[in-house]
Amino acid sequence: MLTGINVNNITTRMLDGWPLENNININRYWRETGGKPDNEVNKLLQIYYGDGKGKTTAALGLAMRAAGHGYKVRIIQFMKGNAYSGELASASKLGIEMFQFGRSCPQADLIKSGVMECDNCGQCWISREGITALDKKKTDMGWQLVQDSLQEGQADILILDEILHALDLGLLAEEKLIGWLQQVPAVPEIILTGRKVSPELIAMADLVSEIRKIKHPYEQGIKARRGIEY
Ligand SMILES: [Zn+2]
Numbered sequence: 337m338l339t340g341i342n343v344n345n346i347t348t349r350m351l352d353g354w355p356l357e358n359n360i361n362i363n364r365y366w367r368e369t370g371g372k373p374d375n376e377v378n379k380l381l382q383i384y385y386g387d388g389k390g391k392t393t394a395a396l397g398l399a400m401r402a403a404g405h406g407y408k409v410r411i412i413q414f415m416k417g418n419a420y421s422g423e424l425a426s427a428s429k430l431g432i433e434m435f436q437f438g439r440s441c442p443q444a445d446l447i448k449s450g451v452m453e454c455d456n457c458g459q460c461w462i463s464r465e466g467i468t469a470l471d472k473k474k475t476d477m478g479w480q481l482v483q484d485s486l487q488e489g490q491a492d493i494l495i496l497d498e499i500l501h502a503l504d505l506g507l508l509a510e511e512k513l514i515g516w517l518q519q520v521p522a523v524p525e526i527i528l529t530g531r532k533v534s535p536e537l538i539a540m541a542d543l544v545s546e547i548r549k550i551k552h553p554y555e556q557g558i559k560a561r562r563g564i565e566y
């Protein structure tokens, strides 16, 4: 409970005339009023890449923060279909949309219920050598959703998780992504993640963070842990 300061009153004054619901959505406000804010909320392109752990985690942190301000957040995951990940449950609690276009894990139900631990089955991760027609089809479906996400009101924050990895494996053509980025309107903010990134995409981005592996528990033989790695 906040005491002393009534956040809702301050916001109502700030966005005078704007029909506030329970959520504050400044992006939508500026979009619909066409006004220029003092503290302008512009669409930026962010990239988190590298061989270290923490890229998706960083994107999820941003999603959590944005959702707290009432932004509409959509996460589209390529290459991943591990339906037991804790973030899927958390995202739904926070009203964050999350769509997966990778392979699902055959043990997902058992892992989700805690009966089994992720045993690195290898079947839910797509390798360069083992790409199937279904992997390609699912990637295409994910890409279609990315394009549809630009429609009015679909997303203020759009996270394309592992899309750089899908490019690297040749599941999606980089020209498609670049062409699309060039015609993205003022919203949403876009976040790309993956292991590798091209100089062209770095040139287009406003924020690029490389997450470099110094150590990983995997090297000590420690397996992925429930609630920490998934
Ligand atoms: Zn699996």
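Count along the sequence shown starting at 1, add 336, and that's the number in my numbering.
All C-beta atoms, glycine included, are put in the ideal place defined by N, C-alpha and C.
If you draw a straight line from the alpha carbon of residue i to that of residue j, how long is it in whole angstroms?
| i | j | result |
| --- | --- | --- |
| E488 | S449 | 37 Å |
| D492 | Q443 | 34 Å |
| E376 | V523 | Below a pLDDT of 50, predicted positions are generally treated as unreliable, and E376, at 47, falls in that range; the measurement from the model is reported next regardless. Straight-line Cα distance between these residues: approximately 12 Å. |
| I538 | G563 | 32 Å |
| R410 | I514 | 20 Å |
| S421 | M477 | 21 Å |
| Y593 | S426 | Residue 593 is absent from the model: the chain starts at 337 and stops at 566. |
| A402 | C454 | 30 Å |
| P535 | V451 | 44 Å |
| G482 | G466 | Looking at the sequence shown, residue 482 is not Gly but Val. When rounded, the distance between both Cα atoms is 25 Å. |
| I462 | G438 | 8 Å |
Please confirm whether any heavy atom of ligand 1 lies closer than 8 Å to the CB of residue i.
| i | result |
| --- | --- |
| A444 | yes |
| D455 | yes |
| G458 | yes |
Near residue i, which residues of its chain fall below 8 Å by C-beta distance, leaving aside the five closest residues on each side in sequence?
| i | result |
| --- | --- |
| N456 | K559 and A560 |
| I383 | L500, I527, L528, T529, V533, L537, I538, A541, L543, V544 and S545 |
| D484 | Q490 |
Going by beta carbon distance, what residues of the same chain come within less than 6 Å of residue i, once the five residues before and after it are set aside?
| i | result |
| --- | --- |
| I526 | L381 and L494 |
| L396 | E423 |
| I432 | A399, A403 and V409 |
| N358 | With a pLDDT of only 40 at N358, under the threshold of 50, the placement of this residue in the model should not be trusted; the figure read from the coordinates follows. Counting only Cβ-Cβ distances below 6 Å, and skipping sequence neighbours, we find nothing. |
| A394 | Y384 |
| L505 | R464 |
Looking only at its own chain, which residues have a Cβ that is under 7 Å from the Cβ of residue i, when we skip the five neighbours before and after it?
| i | result |
| --- | --- |
| D387 | R531, R548 and K549 |
| Y566 | N418, Y420, S421, G422, C454 and A560 |
### Query
Can you list, in chain order, the stretches of the beta strand (DSSP E) that have 3 or more residues and sit fully within the region 371-449?
As far as the region 371-449 is concerned, its whole beta strand (DSSP E) runs of at least 3 residues are 381-385, 409-413 and 433-436.
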